[in-house]
Amino acid sequence: MRLDVLSLLHSSSLKKLGVSLIDTLFPVRCISCGSRGECLCKRCLAIFPRRLKQRCPTCLKKTTPRGEVCFGCFGLSSLDGLFAASMYRSPLVSTSIHTFKYRFIPSFAQPLGNWLAERVREVDLPLPDYFIPVPLHPRRLRFRGFNQSALLAETLIDELTPGFDIPIIKDSLLRTRFTKPQMKTHTKEERQRNLKSAFSLLPESIPLIRGKSIWLIDDVSTTGTTLEECARILKDAGAKNVFGIVLAR
Ligand SMILES: [Zn+2]
Ligand SMILES: [Zn+2]
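Listed below in structure tokens is the structure:
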């Protein structure tokens, strides 16, 4: 009898029944319109707000075609540019990113990463030598179970370079100090203090980074301080060009 039950449990039809039962009880629904099947459906992605003008990440005033640092700010920042595809103040964008990160739903990486890849393709940015996702502190990574920026970077690579994968470097740039989220800081000084010595680069990675162009990938950039700090470390190690790519700012 026991054997019969075991074989039943292992039968594929029962597994399928279990999966469809889970789908029925807890169907995946679009976060925006509630339709079944995807966490963010194609119809809602089509109206996902686009940032039509990119600005220099240093002065935030001059508009530049792809978010490059403007002529007047040249040399003032370690970042060579910051491309932000959308606006975080849009409720659809902030809710999607919030659910992705704080409700632990990694499947958002696919629709959001695909959408980001389309925007990047539109501005025709030259592809980098490496992708580096902004790292999480190991304690936060253990808690969340995934690094949202690394998942976005993986989707971007799949979409932008089918057939010839650009390497993604996940274990060289490290977040060595546990900090509070930048969103919870109030002043520029507090943000800079919060991130002081928060990141470091493994010394054995320096030859890998030297002379290379890098895209730093993050989900959101609030003030640019995190990307700036990561870019500074990569530039100190000899990176030729560091461009931030974020879903929203
Ligand atoms: Zn929808
Ligand atoms: Zn500027």
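Every letter in the sequence shown is one number past the one before it in our numbering, and letter 241, counting from 1, is 660. Every residue, glycine too, gets a C-beta built ideally from N, C-alpha and C.
Within 10 Å of its beta-carbon, does V424 have 16 or more other beta-carbons around it, so buried, or fewer, so exposed? Model confidence at V424 stands at a pLDDT of 43, short of 50, so the residue's coordinates are unreliable and nothing is read from them.
Hey, how far is the Cα of S509 from the Cα of T574? If you take the alpha carbons of S509 and T574, they lie about 23 Å apart.
I'd like to know whether the C-beta atoms of F662 and G456 end up nearer to each other than 9 Å. Not closer than 9 Å, so no.
Hey, is C489 close to ligand 1, as in C-beta under 8 Å from one of its heavy atoms? Because no heavy atom of ligand 1 lies under 8 Å away, the Cβ of C489 does not count as near it: no.
Quick one, are the C-beta atoms of V512 and L646 less than 9 Å apart? Result no, Cβ atoms of V512 and L646 do not sit closer than 9 Å.
What does a CB cutoff of less than 6 Å around H556 pick up in its chain, not counting 5 residues either side in sequence? So the qualifying residues of the chain are R594 and F597.
Quick check on the DSSP output: the beta strand (DSSP E) that includes P552 runs from which residue to which? Per DSSP, P552 belongs to the beta strand (DSSP E) from Y549 to P552.
I'd like to know whether the C-beta atoms of A528 and L571 end up nearer to each other than 9 Å. In this structure, L571 lies closer than 9 Å to A528 by Cβ.
Beta-carbon proximity check, F502 vs R485, cutoff 9 Å: A contact, by the Cβ cut-off of 9 Å.
Quick check on the burial criterion: 16 or more other C-beta atoms within 10 angstroms. Buried or exposed for G532? By the neighbour-count rule (16 or more Cβ atoms within 10 Å), G532 is buried.
Can you find the residues in the same chain that come closer than 6 Å, C-beta to C-beta, to A650, ignoring five residues on each side of it along the sequence? Closer than 6 Å at the Cβ level, and outside the excluded window around A650, lie S497, L498 and V661.
Reference D543, options T580, P530 and H517, closest by Cα: For D543, the nearest C-alpha among the options comes from T580.
In this structure, how does DSSP classify S632 when only helix, strand and coil are distinguished? S632: strand per DSSP, three-state reduction.
Span of the beta strand (DSSP E) around L364: Outside the shown range of the chain, which is 420 to 668, sits residue 364, and nothing can be said about it.
Quick one: what does DSSP say R503 is sitting in, helix, strand or coil? The sequence given here places Ala at residue 503; Arg does not occur at that position. Of the three classes helix, strand and coil, the one that applies to A503 here is strand, per DSSP.
Any idea what DSSP makes of F493, helix, strand or coil? In this structure, F493 counts as coil in the three-state DSSP scheme.
Could you tell me the boundaries of the beta strand (DSSP E) in which F562 lies? Counting along the chain, F562 falls outside any beta strand (DSSP E), though it belongs to the alpha helix (DSSP H) covering P557 to R563.
Pairs of beta-carbons, one from the stretch 461 to 472 and one from the stretch 613 to 632, closer than 8 Å: are there three or more? Counting Cβ pairs under 8 Å, fewer than three are found: no touch.
Would DSSP call D637 helix, strand or coil? Correct three-state label for D637: strand.
Express the C-alpha separation of F467 and H429 in angstroms, rounding to a whole number. Residue placement at H429 is poorly supported in this model, since its pLDDT is 49, which falls under 50; the coordinates are not used for a value here.
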